[in-house]
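Below is one structure, written out as structure tokens; the observations come after it.
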Amino acid sequence: MTTTLTRRTRWWRRFGAGVVAMVMASLAMFGASRASAADVGNPATIDPGATGTLNVNKRVNPTGTPTPGNGLEQANVTSDPLGGIEFVVKQIPGIDLTTQAGWDALAAMTVDQARTATQNVAGSSQTTNAAGLASFTGLPLGGYLVQEKLTPEQLASGLTPSPDFVVTLPLTHPTDLNAWLYTVHVYPKNAKSSITKTVDDAAAKVLGDPVNWTILGDIPSTGATDRYVITDAFDSRLDYVSATVKLSKGQVALAPEDYVITPAQGTTALAVTFTPAGLAKLWQAKSADNSVQVQVDVSTKVAGDIGDGIILNDARLFPSMSVDPGDPQSGVSVADPPVTKWGNIEITKKDAGTTMLAGAQFRVYPTPPTPRPAPTG
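All the letters of the sequence shown, read from the start, carry residue numbers 9 to 385 under our numbering.
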């Protein structure tokens, strides 16, 4: 017994925590678990003739307390399954997990390096079924890069993909350190974000009066995002006045350094881009209250020729690096963009016949005017 413990401890020190933490993070449903020396088995006990199975269980908008993954199938999953999502797995060349050298090589490898190492590897593709499951069977033992491939339509619907991750086949059994898992379950997370927009034009009576818009954007529920941008491309009949940014609720307050507002100029869209400090605050707020949203209040005015008078104003959300604000059509759009309606009134004054009467004055009221009191005396 003493010899076995010494070999395992020795192997852990050479292997290092890096790759285990990277692998275990990929297994988590809602959060990454932490690896320790006790999580690692002895590679000499791996069956070199075995093959592995990787079950990718896809979920959307996870809620509740983070549940660490351990490679086993999770019985109680609180988020909805997500079908129709493609995953590609690529075996990392030159990694033999039945040897110490193989584990050492994987321990020193980052996800970026795994991407580079697998550039010319064809890989295997599976799409999740209605239960959110994509199963890769008969895989040779080794280290694998797993990548989610969302379509442009899926990105435009508001889905934020899970990041690339590395997983090993086999994985140490979480409760029996003398055994290995040759069937591994992973639970990569997706968030689905939406954006809404409303208009307040009650005070707008004539050209130049304020027309105000409120944009509410969802915050991804899968952890701190790597990009968050809201854009507002104005109709040419709208002139930009100002914009303010805040969170819709909660105790987290945004500071000026948390975002950058790029004012609209001509046909250029207004853009609200969150800084790294702001991205951290978004996840802090989301962790405290799952219903919190980013709120952008935009003030405009109608100017110039109103044309047909139907002025529609959309907005778009770019909740991750997977959607590029440089491609305006790649973001999540408002399902029902609001409209402010304008019109011209032309009054012609004539006498009882056809003679035009000059000098007449008229007043236009948005509501019936208050009647003047009847004269007295």
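Note that the Cβ used here is the ideal one computed from N, Cα and C, for glycine as well.
Asked: With DSSP as the reference, please indicate the residues paired to residue 120 in a beta bridge.; Found: Paired residues: none, contrary to the question.
Asked: Could you have a look at residue 294 and say whether DSSP puts it in helix, strand or coil?; Found: helix
Asked: Are three or more beta carbon pairs between the stretch 191–201 and the stretch 258–277 nearer than 8 angstroms?; Found: no
Asked: Give me, in chain order, the residues of the same chain whose beta-carbon lies closer than 7 angstroms to that of residue 287; leave out the 5 immediate sequence neighbours on both sides.; Found: 232, 233, 236
Asked: What residue from 270, 94, 207, 348 has the CA that sits closest to residue 172's CA?; Found: 94
Asked: State yes or no: is the C-beta of residue 174 within less than 7 angstroms of the C-beta of residue 97?; Found: no
Asked: If we call anything under 7 angstroms between Cβ atoms a contact, is residue 206 one with residue 249?; Found: no
Asked: Excluding the five sequence neighbours on either side, which residues of its own chain have a C-beta within less than 6 angstroms of the C-beta of residue 367, listed in chain order?; Found: none
Asked: Thinking C-beta only, is residue 325 closer than 7 angstroms to residue 225?; Found: yes
Asked: Kindly list the residues whose CB is nearer than 8 angstroms to the CB of residue 330, restricted to its own chain and excluding five residues on each side of it in sequence; keep chain order.; Found: 158, 163, 168, 169
Asked: Answer with yes or no whether the minimum CB distance from residue 259 to chain B is below 7 angstroms.; Found: Annotation note: the requested chain B is absent from the structure, which comprises a single protein chain.
Asked: Looking only at DSSP bridge pairs, what is residue 2 linked to?; Found: Because the chain is modelled from 9 through 385, residue 2 falls outside the range shown and cannot be assessed.
Asked: Distance check for residue 127 and residue 327, CA to CA, integer angstroms please.; Found: 27 angstroms
Asked: With a threshold of 16 other CB atoms inside 10 Å of the CB of residue 214, please say whether the residue is buried or exposed.; Found: exposed
Asked: Just list the residues that DSSP pairs residue 135 with in beta bridges.; Found: 94
Asked: Look at the alpha carbon of residue 51 and the alpha carbon of residue 106, and state the distance between them as a whole number of angstroms.; Found: 5 angstroms
Asked: Taking C-beta to C-beta, are residue 347 and residue 304 nearer than 7 angstroms?; Found: no
Asked: With a 10 Å radius around its C-beta and 16 neighbouring C-beta atoms as the bar for buried, classify residue 156 as buried or exposed.; Found: buried
Asked: According to DSSP, is residue 111 part of a helix, a strand, or is it coil?; Found: helix
Asked: Quick one: what's residue 189 bridged to in DSSP?; Found: 179
Asked: Put residue 171 into one of helix, strand or coil per three-state DSSP.; Found: coil
Asked: Which residue wins for smallest C-alpha separation from residue 57, given the options 359, 129, 312, 148?; Found: 148
Asked: Using the C-alpha atoms, what's the distance from residue 294 back to residue 40?; Found: For residue 40, the predicted model reports a pLDDT of 34, less than 50, meaning its position is unreliable; a value from the coordinates is still stated below. Whole-angstrom Cα-Cα distance: 17 angstroms.
Asked: Taking the alpha-carbon positions, what's the residue 342 to residue 183 distance?; Found: 48 angstroms
Asked: Can you tell me whether DSSP reads residue 289 as helix, strand or coil?; Found: helix
Asked: With 16 other CB atoms within 10 Å as the buried threshold, where does residue 178 fall?; Found: buried
Asked: Would you mind stating whether residue 240 and residue 290 have Cβ atoms separated by less than 7 angstroms?; Found: no
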